[in-house]
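A.B. asks: My questions all concern the structure below.
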Amino acid sequence: MAVTLPIDNENRMVNAILEMIRTQDLKVKQKIQLILKQEIEEEERAVSAINGIDTRPYTLEELYGILKDDGQPYNAKRNEYLNDKYGL
1 MAVTLPIDNE NRMVNAILEM IRTQDLKVKQ KIQLILKQEI EEEERAVSAI
51 NGIDTRPYTL EELYGILKDD GQPYNAKRNE YLNDKYGL
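Per the UniProt record's numbering, residue 1 is the first one in the sequence shown, and the count goes up by one each step.
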């Protein structure tokens, strides 16, 4: 559970934690780094979900809709592109 600290206390806490980490073995530092990376990624995903960022991939139907910007279906646009590029 995260606790919000005033800036001065937060800086002191960070400095104390960094000092403890500096005295550790390399393997311990690497493990701490991995754990922190996972924690940060998880928190970023949670924040993006809360902020309403759409992280789901597009469906094929949506992608085809993007290509239909001039009213032509996907196959017609594809054939036109191939014809222009390769003379097919």
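Think of the CB as a built atom: it goes at the ideal place given N, C-alpha and C, for glycine as much as any other residue.
Roughly how many whole angstroms lie between the Cα atoms of M22 and L63?
C.D. replies: The residue you call residue 22 lines up with position 22 of the sequence shown. The residue you call residue 63 lines up with position 63 of the sequence shown. For the sequence presented, residue 22 should be read as Arg rather than Met. Cα-Cα distance, rounded: 50 Å.
A.B. asks: Under three-state DSSP, which class holds Q33?
C.D. replies: As a working mapping, residue 33 is identified with position 33 in the sequence shown. Residue state, collapsed to three classes: helix.
A.B. asks: Hey, how far is the Cα of Q30 from the Cα of I40?
C.D. replies: Residue 30 sits at position 30 when you count from the first residue of the sequence shown. Residue 40 sits at position 40 when you count from the first residue of the sequence shown. Their backbone Cα atoms lie some 15 Å apart in a straight line.
A.B. asks: If you reduce the DSSP assignment to three classes, tell me which class Y86 lands in.
C.D. replies: Position 86 of the sequence shown, counted from the first residue, corresponds to residue 86. Of the three classes helix, strand and coil, the one that applies to Y86 here is helix, per DSSP.
A.B. asks: Closest by CA to L18, which one among L82, I32 and D8?
C.D. replies: Residue 18 sits at position 18 when you count from the first residue of the sequence shown. That would be I32, whose Cα lies nearest to the Cα of L18.
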